[in-house]
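Undergrad:
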Amino acid sequence: MQDRASVDFTLSTTSRVTLTLHDVLGRQVDAALSNVYPAGRNSVEWDLTRLSGGLYFLYVTTGHEFETFPIVVRR
9 MQDRASVDFT LSTTSRVTLT LHDVLGRQVD AALSNVYPAG RNSVEWDLTR LSGGLYFLYV
69 TTGHEFETFP IVVRR
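So the sequence shown is numbered by my numbering: it starts at 9 and just counts up by one.
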């Protein structure tokens, strides 16, 4: 069983970053995290224990940047 996902991202400046997890239909399936991270490389661990197997997308958003990370949960 896969319990956690680790996502790495790099920021050019210190920024507030919001992370949300969505299913393949675009519905948010887990609580959002919103924290300030320093410039440079950062890493976030996401708890997957409440999710069924399948494909999900982690949206990472700052004030002016957006990136999507696919996450496959295998059960």
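Idealized CB from N, CA, C, for every residue including glycine.
Hey, out of Arg58, Asp16 and Arg24, whose CA is closest to Glu73's CA?
TA: For this step, residue 73 is matched to residue 65 along the sequence shown. The residue with the shortest Cα to Cα distance from Glu73 is Arg24.
Undergrad: Checking the sheet assignment: what are the DSSP bridge partners for Val44?
TA: For the purposes of this step, residue 44 is taken as residue 36 along the sequence shown, with counting starting at 1. Paired residues: Arg24.
Undergrad: Where Asp38 and Thr28 are concerned, what is the direct C-alpha to C-alpha distance, given to the nearest angstrom?
TA: By 1-based counting over the sequence shown, the position of residue 38 is 30. By 1-based counting over the sequence shown, the position of residue 28 is 20. C-alpha separation (whole angstroms): 7 angstroms.
Undergrad: What does the alpha-carbon distance come out to for the pair Gly71 and Phe65?
TA: For the purposes of this step, residue 71 is taken as residue 63 along the sequence shown, with counting starting at 1. For the purposes of this step, residue 65 is taken as residue 57 along the sequence shown, with counting starting at 1. The straight-line gap from Cα to Cα measures roughly 19 angstroms.
Undergrad: What are the residues that DSSP puts in a beta bridge with Gln36?
TA: On the sequence shown, residue 36 is found 28 positions in, with the first residue counted as 1. Its beta-bridge partners are His30.
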